Amino acid sequence: MQPEFVPHSAYVAYPESEMRQRAQGFYADIQRRRTVREFSDRPVPRDIIETCLLAAGTAPSGANLQPWHFVVVSDPDIKRQIKEGAEEEERAFYNGRAPEEWLEALAPLGTDPHKGFLEVAPYLIAIFAKSYDLLPNGKRVKNYYVQESVGLATGTLITALHHAGLASLTHTPSPMGFLNKVLKRPSNERPMLLLVVGYPADDCRVPTHAMKKKALDEIATFM
Ligand code: IYR
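Position one of the sequence shown corresponds to residue 539 (the numbering used here), numbered consecutively onward.
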């Protein structure tokens with residue numbers, strides 16, 4: 539196929555002073571993002587979730603094949619089934635499956651096998667990675683850099699939700715195979731994580747441990 543190109547007319551150039559201001563403004567705003575585990579049951583308008591998903595869908599991906607699928611759950615019965623599946627895995631995790639070192643690393647977050655927020659929060663977004671796509675004629679199309687791509691889309695989604703004024707939790711009950719069953723997803727889709735989305739509870743508290751972000755010279759090297 540012949541590649542086709544058009545001018546990149548959507549690009550916006552800013553003067554350096556404005557770039558600096560924008561970079562600092564964005565940093566100040568994203569610095570306020572916190573993972574929360576105590577959600578309000580206050581409903582979130584569906585169109586806001588839809589717009590954030592469209593933003594996530596703009597993420598770069600291997601060969602632009604967009605190897606992701608988002609299942610948005612608000613149905614109370616499906617949320618209950620997800621909670622039951624997740625808590626079953628979490629009980630096994632906290633009561634033996636997780637090595638001591640892992641539990642020690644988690645201790646400052648105060649997590650446990652109870653995942654009541656899975657029924658309280660208005661939306662659960664299950665994020666699936668597709669190792670290949672299936673065309674309507676049954677033909678398989680291989681995807682590339684699938685985990686990287688889905689990670690990029692998930693990061694974009696979390697950022698978009700925060701930008702819109704919503705809180706989220708990246709929840710990873712492991713293994714997550716139960717999500718294929720509960721959400722009736724095909725075998726070419728692998729659940730990557732479960733995003734819990736909504737407003738923080740009025741009395742929501744967040745662990746101080748997760749506020750400590752590494753300094754620039756710890757996370758970056760300039761040469
Ligand atoms: N999935 C478990 C354990 C857990 C693991 C990591 I790594 C975390 O950053 C947080 C929790 C749970 O959700 O409790």
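From the three backbone atoms N, C-alpha and C, an ideal C-beta is built for every residue, glycine too. A quick note: this is a predicted structure, and the numbers were derived from the prediction, not measured.
### Task
Taking only heavy atoms of the ligand IYR into account, decide whether any of them is closer than 7 Å to the Cβ of Thr649.
Indeed, a heavy atom of the ligand IYR lies less than 7 Å from the Cβ.
### Pick from Met749, Glu622, Gly689 and Pro674 that is closest to Gly654, judged by C-alpha positions
Glu622
### Task
State yes or no: is the C-beta of His709 nearer than 7 Å to some heavy atom of the ligand IYR?
yes
### Query
In whole angstroms, what is the alpha-carbon distance linking Arg723 and Ile663?
13 Å
#### Entry: Distance cut-off 7 Å: Phe644 Cβ against heavy atoms of the ligand IYR
Note that residue 644 corresponds to Leu in the displayed sequence, not to Phe. Yes - the ligand IYR has a heavy atom lying nearer than 7 Å to the Cβ of Leu644.
### Task
Report buried or exposed for Ser555, applying the criterion of at least 16 other Cβ atoms within 10 angstroms of its Cβ.
exposed
### Task
Indicate the three-state DSSP secondary structure (helix, strand or coil) for Lys618 in the structure shown.
The question names Lys, but residue 618 is Arg in the sequence shown. Helix.
### Query
Taking contact to mean at least 3 C-beta pairs separated by less than 8 Å, is the segment 622 to 634 in contact with the segment 705 to 722?
yes
### Query
Three-state secondary structure (DSSP) at Ser706?
strand
#### Entry: Extent of the continuous alpha helix (DSSP H) run through Val720
Phe716 to Val720
### Task
Check whether the Cβ atoms of Tyr683 and Gly600 sit closer than 8 Å, and answer yes or no.
yes
### Host alpha helix (DSSP H) of Phe543 (start-end)
Phe543 -> no alpha helix (DSSP H), and no H or E assigned at all.
### Message
Would you call the segment 553 to 569 in contact with the segment 645 to 654, where contact means no fewer than 3 C-beta pairs closer than 8 Å?
### Response
no
### Task
Determine the burial state of Val611: buried for a count of at least 16 other Cβ atoms within 10 Å of its Cβ, exposed for fewer.
buried
### Query
Taking buried to mean at least 16 other C-beta atoms within 10 Å of its own C-beta, is Asn681 buried or exposed?
buried
### Message
When you measure from the CB of Phe760 to every non-hydrogen atom of the ligand IYR, does any distance come out below 7 Å?
### Response
no
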